[in-house]
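Here is the structure we will look at.
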Amino acid sequence: MYPSGQEPFSNTLSTKPPDYNLTYERLRAVLEKAYRNGNWRRLSFFEKALYRGVMGLARLRGRIINPSLVEKVRTIISKLVQTPVARILHLAGEQASCLLELYGRNGVLQWAPSFKQWLKNPEYLLWLGAKQLTLRSLGYKGLIISVSTPLT
Numbered sequence: 050m051y052p053s054g055q056e057p058f059s060n061t062l063s064t065k066p067p068d069y070n071l072t073y074e075r076l077r078a079v080l081e082k083a084y085r086n087g088n089w090r091r092l093s094f095f096e097k098a099l100y101r102g103v104m105g106l107a108r109l110r111g112r113i114i115n116p117s118l119v120e121k122v123r124t125i126i127s128k129l130v131q132t133p134v135a136r137i138l139h140l141a142g143e144q145a146s147c148l149l150e151l152y153g154r155n156g157v158l159q160w161a162p163s164f165k166q167w168l169k170n171p172e173y174l175l176w177l178g179a180k181q182l183t184l185r186s187l188g189y190k191g192l193i194i195s196v197s198t199p200l201t
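Structure representation (structure tokens):
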């Protein structure tokens with residue numbers, strides 16, 4: 050027994066083990082869902098190749114335990130299981146922060162202070178995100194308003 054009552058180095062970093070649930074069965078279930086919801090086609094060639102390679106490795110070894118590989122696959126999984134509403138809200142958040150910065154810099158928020166309340170309204174955010182999604186589906190890649198060029 051140690052004088053402090055604890056094992057040496059017992060309080061270093063985190064005592065909680067990392068969550069490694071990347072089994073073949075889970076990866077396969079995510080892939081099937083991605084095929085159904087159409088998110089598989091949104092991945093790049095390299096992301097698809099990495100995901101398929103990790104699936105093969107998980108099938109041979111049972112699960113994936115390499116932390117850097119787990120992190121990369123988790124980002125791909127987050128893209129694969131993303132719902133349309135989550136994508137719309139993500140685009141709305143990007144657009145809202147861009148508008149808030151632009152309007153704050155150009156003094157619009159001084160004469161229209163209610164605009165900040167609009168950016169907190171879920172209905173307005175859904176409209177803003179749906180508009181962004183529509184523009185991107187038509188081939189427009191960027192945000193509607195660019196914050197790099199201030200209005201004068």
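Following my numbering, the numbering of the sequence shown begins with 50 at its first residue and continues without gaps. Glycine is no exception: its CB is placed at the ideal position from the N, C-alpha and C atoms.
Residue(s) in a DSSP beta bridge with residue i
i: T72; result: R112
Three-state secondary structure assigned by DSSP to residue i
i: N86; result: helix
i: N161; result: Note that residue 161 is Ala in the sequence shown, not Asn. Three-state result, A161: coil.
i: K169; result: coil
i: K97; result: helix
i: K102; result: It should be pointed out that residue 102 corresponds to Gly in this sequence rather than to Lys. Three-state DSSP puts G102 in a helix.
i: G188; result: coil
i: T132; result: coil
i: L182; result: helix
i: L80; result: helix
Where residue i falls, given that 16 or more other Cβ within 10 Å makes a residue buried
i: I137; result: buried
i: A98; result: exposed
i: V122; result: buried
i: I125; result: buried
i: G178; result: buried
i: G188; result: exposed
i: L129; result: buried
i: A145; result: buried
i: T198; result: Confidence in T198 is poor, its pLDDT being 49 and thus under 50, which makes the residue's placement unreliable; the coordinate value appears in the next sentence. So T198 counts as exposed.
Cβ of residue i within 8 Å of any chain D Cβ
i: R154; result: Reference to chain D is not applicable here, since this structure consists of a single protein chain.
Sequence-distant residues of the same chain with beta carbon closer than 7 Å to residue i, five excluded per side
i: Q131; result: N88
i: T183; result: none
i: E96; result: I125
Separation of residue j from residue i, as counted between CA atoms
i: E143; j: Y84; result: 27 Å
i: L71; j: N115; result: 10 Å
i: Y173; j: Q166; result: 10 Å
i: W160; j: K180; result: 25 Å
i: S163; j: P171; result: 15 Å
i: R185; j: F94; result: 20 Å
i: N86; j: V134; result: 13 Å
Close-in-space but distant-in-sequence residues of the same chain around residue i (CB under 8 Å, 5 per side omitted)
i: M104; result: Y73, L76, R77 and L80
i: L168; result: A145, L148, L149 and L174
Cβ shell of residue i (< 6 Å), same chain only, five flanking positions each side left out
i: Y100; result: I125
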